[in-house]
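Reading through the structure tokens given below for one structure.
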Amino acid sequence: MIYISHRCLGENYSFVGIFECDCGKTQQLLDGFLLFGWAFHPAVSKEIQSLSGSLFDFVKIIWKRSHHLSSDCEILRPLRGYYSHCEVSKVLSELVLQYPVYSLDNRLILSAGTALSDQVLEELILRAEDHPAYFLMQYGTVKKDLLRFLSEYPYHTIFHDLRQKNEMLRMMERVHLVLPVLRSLDYFKRYDHHTYRHMLMVFALSEMLAKELIPGYHAKEPETISSPTHDIGKTCVPLSILMKRTPLTKSEFHQLQHHTVAGYVLTSYYLKNSDHVAARVARDHHERKTGTGYPRGACEVDRIAEIVIVSDVYDALISPRPYRPVSYDNRTALEVITEMAEKGEVGWDIVKTLIAQNRIDKPKIDDFTVSTEKRGLHPEGNVHGLTVDDVKKKQRIVA
Ligand SMILES: [Fe+2]
Ligand SMILES: [Fe+2]
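The numbering of the sequence shown is my numbering, which starts it at 225 and goes up by one.
Structure below.
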């Protein structure tokens, strides 16, 4: 699937270019939504699935369909356009910062408006300082806190097998991180306990799922640091947004989503490697296989990122959060995640492994089928993912 992300460009629609057909029609293609919507049109999606050329080729197909042009009308001279000759992958990889990225000690790392080109990232890494690294599980009260969280509902079922739990803890104990990254945990522990707990639990859950799903995972050291750092970009999101109990404004919503790009910058900087899997996971952990996630709308991400995506959603559902009075019960949370797999947003094997781990007998994923019946009750008063405008729209419909 080829897609174009508009989200990295913030509230404004992305400028794609102005194109001209040989029958004289011209159109300015502005909107990621327009192209993206067409990408899911059944007739178009089949045609573009096999396409691996330039964005221009993609636009040609969409144009023909949307203007009902006959196939012999040879279209589309790009008159001008930023991306008209770029390779699609290039368009995807270039994210633009909508907000500045700061370190926890308030140093500006990159300003708003910076396009994250290879050159910008290389320069960023060149000016990164060296920092001492420490074992995460020996840092502060991390291990003690983690063990307490593991004993709480519903994690006490997932991690009830002592042998399995100890094996996972041994894996977690080899993870070491540089000090500024560890300090982000101190920051969340002090100011946003939900995110602190979430970072540790996504770490534990991802380790357990990765152990089941990625052959030889115990030897893949870079991957192991991806989950406890996945939300580090939230240090750049004002606490007033992170802790808000009511729907966010559109701009607050974009600022929250920006934690993925900020996390990519911070992990690239602190790990001195923008191609480090932990940097990619910080960037990609809100993507969906259908291309409906953010910040890039990427359909393909690292395997460990896919695992973090499932762990991230699951923990967010079953944990206390400021934006809803009560958490999801475990069954409903698993139903929500099953629905994501049904829609093709996340992989079935990861969802099935999570469900298997929720059962006392821990069946093999090939030995059971997942019920797609939805019986769970979603908690009342949940404003997650809703903006003030969405709520007004809903109220108008009800009235
Ligand atoms: Fe996140
Ligand atoms: Fe998260």
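Ideal Cβ placement from N, Cα and C applies to all residues, glycine included.
Check: ASN582 versus ARG620 - alpha carbon distance; Outcome: 41 Å
Check: Exposure of LYS513, with buried meaning 16 or more beta-carbon neighbours within 10 Å; Outcome: buried
Check: Beta-carbon spacing of PRO546, MET467 below 8 Å; Outcome: yes
Check: LYS458 classed as buried or exposed, judged by whether at least 16 other C-beta atoms fall within 10 angstroms; Outcome: buried
Check: Nearest-angstrom beta carbon gap, ILE542 and TYR552 [assumed within contact, 8 Å]; Outcome: 6 Å
Check: Limits of the unbroken alpha helix (DSSP H) element including LEU370; Outcome: 366-374
Check: Where TYR538 falls: helix, strand or coil (DSSP); Outcome: helix
Check: Rounded straight-line distance, which links the Cα of ILE579 to that of PRO446; Outcome: 26 Å
Check: Selected residue, minimal CA-CA separation from LEU401, among ARG527, ILE574, TYR363 and LEU345; Outcome: TYR363
Check: Buried/exposed call for ALA336, threshold 16 Cβ in 10 Å; Outcome: exposed
Check: Residue closest to LEU212, alpha-carbon to alpha-carbon, out of TYR420, LEU403 and VAL399; Outcome: Residue 212 lies beyond the residue range present for the chain, which begins at 225 and ends at 623; the question has no answer from this structure.
Check: Alpha carbon of TYR379 to alpha carbon of LEU345, nearest angstrom; Outcome: 38 Å
Check: Near ligand 2: VAL426 beta-carbon under 7 Å from a heavy atom; Outcome: yes
Check: Where ILE531 falls: helix, strand or coil (DSSP); Outcome: helix
Check: Below 5 Å from a heavy atom of ligand 2 - residues by beta-carbon; Outcome: ASP455 and ASP536
Check: CB-CB length for GLU436 against THR577, believed under 8 Å; Outcome: 5 Å
Check: Environment of LEU370 [buried if 16+ CB atoms lie within 10 Å]; Outcome: buried
Check: Residue range of the unbroken alpha helix (DSSP H) whose run includes VAL344; Outcome: 342-350
Check: Identity of the residues DSSP links to VAL400 by a beta bridge; Outcome: First, the residue type needs correcting, since residue 400 is His and not Val in the sequence shown. DSSP, once it has assigned bridges, lists PHE359 as partnering HIS400.
Check: 8 Å contact criterion, which MET423 and ASP455 should meet: CB distance rounded; Outcome: 6 Å
Check: Top-ranked residue by Cα proximity to LYS598, from ASP591, LEU558, ASP613 and LYS588; Outcome: LEU558
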